[in-house]
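Student:
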Amino acid sequence: MSKDAGPRMAVNLGGITMRNPVNTASGTFGNGEQFEGFYDVGSTLGAITCKGVSAIPWEGNPAPRLAELGGAAILNSVGLQNPGVAGFVGRYGEYLQGLRRKGCAVICQVAGHSLEEYARAMELFEELAPFASGFEINISCPNIAAGGAAMGATPAAAAEVMRTVRPLTTRPIVVKMAPHDVAEIGRALEAEGADALSLINTIPGMSIDVRTRRSRVCRPTAGVSGPAIHAIAVRMVWECARAVKVPICGIGGITCGEDAAEMILAGATAISVGTANLVDPACAARVVEELEQWACDQGVTDINELIGAFEC
Amino acid sequence: MSKDAGPRMAVNLGGITMRNPVNTASGTFGNGEQFEGFYDVGSTLGAITCKGVSAIPWEGNPAPRLAELGGAAILNSVGLQNPGVAGFVGRYGEYLQGLRRKGCAVICQVAGHSLEEYARAMELFEELAPFASGFEINISCPNIAAGGAAMGATPAAAAEVMRTVRPLTTRPIVVKMAPHDVAEIGRALEAEGADALSLINTIPGMSIDVRTRRSRVCRPTAGVSGPAIHAIAVRMVWECARAVKVPICGIGGITCGEDAAEMILAGATAISVGTANLVDPACAARVVEELEQWACDQGVTDINELIGAFEC
Amino acid sequence: MTIQPDSLAGTASATGVHGFEVFSNEAVADGVWRMRCHTPVASLIAPGQFVNVAVPGDSAHILRIPLSFSVAQATSQTLELVYAVVGEGTRRLSCMRVGDTSTMVGPCGNGWALPTHEGRALLVAGGVGLPPIVACARMLAEASVGFDVIVGAQTSAKHVEYLLDELRRLAPDEGCDCARKVLVCTDDGTLGTRGFTTDVMADLIADRPYAQAYTCGPTPMMAGVARLCAKRDIACQASLERMMGCGFGACSCCNVALVAGGYALCCKDGPVFDAREVVW
Amino acid sequence: MTIQPDSLAGTASATGVHGFEVFSNEAVADGVWRMRCHTPVASLIAPGQFVNVAVPGDSAHILRIPLSFSVAQATSQTLELVYAVVGEGTRRLSCMRVGDTSTMVGPCGNGWALPTHEGRALLVAGGVGLPPIVACARMLAEASVGFDVIVGAQTSAKHVEYLLDELRRLAPDEGCDCARKVLVCTDDGTLGTRGFTTDVMADLIADRPYAQAYTCGPTPMMAGVARLCAKRDIACQASLERMMGCGFGACSCCNVALVAGGYALCCKDGPVFDAREVVW
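Chains as they are written, first to last, in this note's numbering: chain W, 7 to 318; chain F, 7 to 318; chain D, 57 to 336; chain L, 57 to 336.
#1: Taking only beta carbons into account, state which residues of the segment 139-162 of chain F come closer than 8 angstroms to chain W, listed in chain order.
#2: Output the boundary residues of the alpha helix (DSSP H) element that contains Ala286(D).
#3: Specify the secondary structure class of Arg147(L) as computed by DSSP and reduced to three states.
#4: Hey, could you find the ends of the beta strand (DSSP E) Trp89(D) is sitting in?
#5: Can you confirm whether Cys318(W), when its beta carbon is compared against all beta carbons of chain F, has any partner nearer than 8 angstroms?
#6: Would you report the Cα separation of Ile309(W) and Ile118(L), rounded to the nearest angstrom?
#7: Can you give me the C-alpha to C-alpha distance between Ala111(F) and Ala267(W), rounded to a whole angstrom?
#8: Select from Gly77(F), Glu42(F), Ile313(F) and Gly76(F) the residue whose C-alpha is nearest the C-alpha of Leu102(F).
#9: Less than 8 angstroms between CB atoms is the rule here; does Thr227(F) satisfy it with respect to chain W?
#10: In three-state DSSP terms, what is Lys182(W)?
#11: Would Val216(F) pass as an interface residue toward chain W - the criterion being a Cβ-Cβ separation below 8 angstroms?
#12: Straight-line CA distance for Glu100(W) to Lys108(W)?
#13: Under the rule that 16 or more other beta-carbon atoms within 10 Å means buried, what is Pro210(W), buried or exposed?
#14: Looking at C-alpha atoms only, which residue of Gly305(L), Glu174(L), Met160(L) and Val88(L) is the closest neighbour of Ala110(L)?
#15: Taking buried to mean at least 16 other C-beta atoms within 10 Å of its own C-beta, is Trp127(W) buried or exposed?
#16: From the DSSP output, which residues share a beta bridge with Trp64(W)?
#17: Counting only Cβ pairs nearer than 9 angstroms, list the residues of chain D close to Asp114(L).
#18: State the Cα-Cα distance for the pair Leu321(D) and Met269(W), rounded to the nearest angstrom.
#19: Please work out which residues of its chain come closer than 8 angstroms, Cβ to Cβ, to Arg153(D), disregarding the five sequence neighbours upstream and downstream, and give them in chain order.
#20: Any idea which residues DSSP pairs Asp308(F) with across the strands?
#21: Note the first and the last residue of the continuous alpha helix (DSSP H) segment covering Val312(L).
#22: Which residues of the segment 152-170 of chain D have a Cβ closer than 7 angstroms to any Cβ of chain F? Give them in chain order.
#23: Val88(L): which of Asp156(L), Val216(L) and His173(L) sits nearest, CA to CA?
#24: So, is Gly96(W) buried or exposed, given that buried needs 16 or more other C-beta atoms within 10 angstroms?
#25: Check whether the Cβ atoms of Ala155(W) and Ala184(W) sit closer than 8 angstroms, and answer yes or no.
#26: Label His186(F) either buried or exposed according to how many other C-beta atoms from any shown protein chain fall within 10 Å of its C-beta, with 16 as the threshold for buried.
#27: Which term fits Thr157(L), buried or exposed, when burial requires 16 or more other beta carbons within 10 angstroms of its beta carbon?
#28: How long is the line joining the alpha carbons of Ile238(W) and Ser32(W), rounded to whole angstroms?
#29: How many angstroms separate the CA atom of Ser231(W) from the CA atom of Ile260(W)?
#30: In the structure shown, what three-state DSSP assignment does Ala320(D) receive?
#31: Would you list the one or two residues that DSSP bridges to His74(D)?
#32: Which partner residues of Ile209(W) appear in the DSSP bridge assignment?
#33: Below 9 angstroms on C-beta distance, what does Arg292(F) contact in chain W?
#34: Just verifying my parser: in three-state terms, what is the DSSP assignment at Cys114(W)?
#35: Please list, in chain order, all residues of the same chain as Gly258(W) whose beta carbon is under 6 angstroms from its beta carbon, the five residues on each side excluded.
#36: Name, please, each residue of chain D whose Cβ falls closer than 8 angstroms to the Cβ of Ile80(F).
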């Protein structure tokens, strides 16, 4: 099917314009470069979301950070290892600027242990990252001792983070949400000026070595991701989409165009490929094609016609 | 390994004495009879939990009630089809009494759309079901329009159900919990006199046919179960066990002795085999053997030594 | 067959978990495969019943696959399954090789019943519903019950022709005043007459009297067959298909709406139902 | 090799997704299999690098399986993987049959580097660490670098003997004043001398001078080898093993603690590290 003949695939994620709805989930795509050996990232994807970055460098968690679960899922506890905003910009700024030139949006993810740290990281990004199309505030990382998921546990806590970072940039702010109370928390974030919401982050889980009686990763609980959580994620996107007006980026166990299409029908404007990037490095590029084919088969001229088109 | 040589496997689930920790999840085991062709239920299991039963018969949901998810899970929306307490007792009372005689505990599950219906069902059970070792109050069914999960959505709502049924029986009451806020809701239920807690019920999920744009089951959302949710369930059992003193029955994606052992290490006194009963009808009997072998390998003389023995 | 409003009633069924070993598994036509295996189920199962097969190779799809059989030989303990490769599960089944082993739950459900009244039987099959009808025809032939067959399909397909040959290979009716008819029709006329099975059936029942009808195929077709039978007061058994969880009445997932109200379970009360008791 | 504190730096790697077709896969000793396959990776990969293999048959286990190789022939595009069947994944790998195809991500990571200084090399392998050491020995032999080998195992096992034969089959050192030694020790003395590889190594390095050591095996063993090398100021390369997510530096799951502080990634900065830079 020639591109000309195909439906329009461009979407707008709260001010972040994407050539197609396909984005990548933070932490599963490096910062894009690692995938250049598999396909031309900048000419293919709608956007990439970079690894979470904090004001100063974080070491991340000790080994082991990963366990495989039998049930079509993995358990990770990386803990946002990152070189800090300055280190990140120095090392990837040029590459990411190149992605922008090719028409791929670049979403930088902001991490912090406290309101002050979120603010400081946001200020540094605003100052040092002209290449960022927008920012994703991570208030849902289950793998750090302070901040992360704790900052997004309640509507009030989430709203406070949003109040803190909103004044610091005029660029679009997306908020990465935890897999609970997505309707209430989504409304609170929207009220504080979030331009878009992305969900879900990994679902906290636990895997125990029954011989040693110890966790199979470095902390008692960690984040579950993969095909196992897809149906749960689609449900949460649907619940959230019915509660807010801002656009949503649907994330959770997407491995193919059909999985992505479910998210869009449930109300997602964009979608992110996550864990599948690790095991099938060309997955996101394939999803771009499969999604366009689906829109074509559905007989629409614009993918936007299918957002929230689920019929119940 | 001869039974004499093996560790003691008997546990006490809030007054329900079980010869071993293995129970069955309501709705996945019929009422036991269907499995007699596979093994001698009464002589093998620690307990069975019957299908949810309401004061008067419920039709349940229209077809389709089931969809298979690619990610090691299924999605169901049965909606508690049942013949009502009188019909249930008339049809299964004798069989279930037989299980008791063989040393298998029988837990009858109580369903309702409202406080009044829970009370009425509880009264009828108390009057008509002398064979019941105890009762499980289902405040977490995601597949009925009124009642079910709605009754257990908050600590206050859950506590109210417990206040309603507690005075109506002196037999042990277990409460079947939904997969959210298990620590808070668990504490509320314990405060109102729950003898034990069972968790988790299925996790609400959604599966969309992307060609028809419709749900693959009869309602927009339904319950996800299977290996996919195991690690999430273990985490919730751990969270709940650290919050309450009453014993817990761990449920979620258990397919083998190791899965069951994880639940016990996380703090579960008993475990229920659920979805695995459907695809591997002899699973629960196998779990009994594998669990005893594990306790043996761990070098304990009593399985109770391993409850909550997770080392973090 | 009488349906119990709560299908979980009654005594424990003889359904068990049985091993099987594949000794042949080949494409008999494009898209249609025939698997032959050794299993104790072969001596327990009756025409119209099914087995719920654990197909190796994808533990992310956890459900077994319900399959009807075309031939079961008790003496040699062999079961023959003719299946269309339609989905991911049957694709995996077609990958099983000679010597591969797995398990099947069975026998499951209630199968075809012989006619209760004297008289000729009419079999009406649509596309994917052919294999169980072949088993039914075999049952009737062995019981010396005279019958005719109508086979409908969208278009001429090798697997339809394959199963038609199976039907034609059956022993002819004995002691019947009229020869057995095996009529075929397709939506596009590429095989047999052009038109719907119900049209062919309307003509046939106007021409010959029938005491009993047996049907398996797409729901709209079976609904049409049921209507025609009701008009003429012909008893009708229909084999239904549903997505199934367990296959033996434990999960209540495969519900079938009843005229009398409430639901029966396809796996335990069916898959063969009295067409008059089902809401079409 | 210098490690960048943030391993995600640098330009895009040449790592790609490549198809492979199995042309032999057999047990060469109890518990140890050798798979030979055709794949373009064979002409891209260097000793000590690895491939991350998608092993069919269980989509509930979604991760690929990282495997080191023993032989890669660029001309014939063939890769030989010698692997111990230890877990569920390698069991599935052993089920792949001739003609089966799948994909592998590779080449992954940094492999063995030739010695930077003149002098003899010492290879120290423990049990499961043998295959990568075989590849290293082949590299050194081709580069005419003189070396000795110490192989340690818990007990005499067929696969140890198999790989020892591989080592002995290699071309002898050329232009070396001393003949190559291939020493073996087991914890129980059932093969070679009784004792630990580090004991054998201590004696050997007292006897012969080495410019470079290469080691792969259980972490405690490699830690011991690293300590001995540090004492004698022998450069040491160690090939580490970690549970891996992606194999090319995207997920940061396979972290290795560094003496300099922070973490490197086993998949991208390793698996071969300068033993002095790693926290043992």
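The C-beta atom is built at its ideal place from N, Cα and C for all residues, glycine as well.
Remember, predicted model here, so these are calculated numbers, not experimental data.
Tutor: On the basis of the coordinates in this document:
#1: So nothing in the stretch comes that close.
#2: To locate residue 286(D), count along the third sequence from 1; it is residue 230. If you look at Ala286(D), you'll find it in the alpha helix (DSSP H) that goes Thr275 to Arg288.
#3: Counted from its first residue, the fourth sequence places residue 147(L) at position 91. Of the three classes helix, strand and coil, the one that applies to Arg147(L) here is helix, per DSSP.
#4: On the third sequence, position 33 is the one that residue 89(D) refers to. Counting along the chain, the beta strand (DSSP E) containing Trp89(D) begins and ends at Val88 to His94.
#5: As a working mapping, residue 318(W) is identified with position 312 in the first sequence. True, the Cβ-Cβ gap to chain F drops below 8 angstroms.
#6: Along the first sequence, read from residue 1 onward, the residue named residue 309(W) stands at position 303. Along the fourth sequence, read from residue 1 onward, the residue named residue 118(L) stands at position 62. Roughly 30 angstroms between the two C-alpha positions.
#7: Here residue 111(F) is taken as the residue at index 105 of the second sequence, counted from 1. Here residue 267(W) is taken as the residue at index 261 of the first sequence, counted from 1. Going from the Cα of Ala111(F) to the Cα of Ala267(W) covers about 47 angstroms.
#8: Position 96 of the second sequence holds residue 102(F). Comparing alpha-carbon positions, the option among Gly77(F), Glu42(F), Ile313(F) and Gly76(F) lying closest to Leu102(F) turns out to be Glu42(F).
#9: Sequence index remark: in the second sequence, residue 227(F) carries index 221 (1-based). It does; some Cβ of chain W falls within 8 angstroms.
#10: Counting from 1 along the first sequence, the entry for residue 182(W) is found at position 176. Of the three classes helix, strand and coil, the one that applies to Lys182(W) here is strand, per DSSP.
#11: Looking up residue 216(F) in the second sequence gives position 210. Contacts with chain W at 8 angstroms (Cβ-Cβ) include Val216(F).
#12: Position 94 of the first sequence holds residue 100(W). Position 102 of the first sequence holds residue 108(W). Each residue's Cα considered, the two are about 13 angstroms apart.
#13: What you label residue 210(W) is simply residue 204 of the first sequence in a count that begins at 1. Burial call: buried.
#14: Along the fourth sequence, read from residue 1 onward, the residue named residue 110(L) stands at position 54. Of the residues Gly305(L), Glu174(L), Met160(L) and Val88(L), the one whose Cα lies closest to the Cα of Ala110(L) is Met160(L).
#15: Here residue 127(W) refers to the residue found at position 121 of the first sequence. The sequence given here places Ala at residue 127(W); Trp does not occur at that position. In summary, Ala127(W) is buried, with 16 or more beta-carbon neighbours lying within 10 Å of its beta-carbon over all protein chains present.
#16: As a working note, residue 64(W) is residue 58 in the first sequence. Beta-bridge pairing links Trp64(W) to Asn88(W).
#17: Residue numbering aside, residue 114(L) sits at position 58 when the fourth sequence is read from its first letter. Within 9 angstroms Cβ-Cβ: Gly113, Asp114, Ser115 and Ala116.
#18: As a working note, residue 321(D) is residue 265 in the third sequence. As a working note, residue 269(W) is residue 263 in the first sequence. The straight-line gap from Cα to Cα measures roughly 32 angstroms.
#19: By one-based count along the third sequence, residue 153(D) stands at place 97. Same-chain partners within the cutoff: Val78 and Asn81.
#20: As a working mapping, residue 308(F) is identified with position 302 in the second sequence. Residue pairing for Asp308(F): DSSP places it in a beta bridge opposite Arg14(F).
#21: Residue 312(L) sits at position 256 when you count from the first residue of the fourth sequence. Segment Asn311 to Ala313 is the beta strand (DSSP E) holding Val312(L); no alpha helix (DSSP H) there.
#22: The segment 152-170 of chain D vs chain F, Cβ under 7 angstroms: Val161.
#23: Taking the fourth sequence and counting its residues from 1, one reaches residue 88(L) at position 32. By alpha-carbon distance to Val88(L), the top candidate from Asp156(L), Val216(L) and His173(L) is Val216(L).
#24: Residue numbering aside, residue 96(W) sits at position 90 when the first sequence is read from its first letter. The C-beta of Gly96(W) has fewer than 16 other C-beta atoms within 10 Å across all chains shown, which makes the residue exposed.
#25: Your numbering for residue 155(W) matches position 149 in the first sequence. Your numbering for residue 184(W) matches position 178 in the first sequence. Yes, these two residues count as a Cβ contact at 8 angstroms.
#26: Residue numbering aside, residue 186(F) sits at position 180 when the second sequence is read from its first letter. By the neighbour-count rule (16 or more Cβ atoms within 10 Å), His186(F) is buried.
#27: Position 101 of the fourth sequence, counted from the start, is the residue given in the question as residue 157(L). Around the beta-carbon of Thr157(L), fewer than 16 other beta-carbon atoms lie within 10 Å, marking it exposed.
#28: As a position in the first sequence, residue 238(W) is number 232, starting the count at 1. As a position in the first sequence, residue 32(W) is number 26, starting the count at 1. Near 19 angstroms, if we compare the C-alpha coordinates of Ser32(W) and Ile238(W).
#29: Here residue 231(W) corresponds to residue number 225 of the first sequence, with the count starting at 1. Here residue 260(W) corresponds to residue number 254 of the first sequence, with the count starting at 1. Going from the Cα of Ser231(W) to the Cα of Ile260(W) covers about 10 angstroms.
#30: Position 264 of the third sequence holds residue 320(D). DSSP places Ala320(D) in strand when its eight states are reduced to three.
#31: Here residue 74(D) refers to the residue found at position 18 when the third sequence is read from its first residue. Note: His74(D) sits in a beta bridge opposite Met160(D).
#32: Position 203 of the first sequence, counting from 1, holds the residue named residue 209(W). Answer by DSSP bridge pairing, in chain order: Val230(W).
#33: The residue given as residue 292(F) occupies position 286 in the second sequence. Correct list: empty, because the minimum Cβ distance to chain W is about 16 angstroms.
#34: Translated into positions along the first sequence, residue 114(W) becomes position 108. Residue state, collapsed to three classes: strand.
#35: As a working note, residue 258(W) is residue 252 in the first sequence. Result list for Gly258(W): Ile206, Ile235, His236 and Ala239, in chain order.
#36: As a working mapping, residue 80(F) is identified with position 74 in the second sequence. Those are Ile118, Leu119 and Gly301, listed as they occur along chain D.
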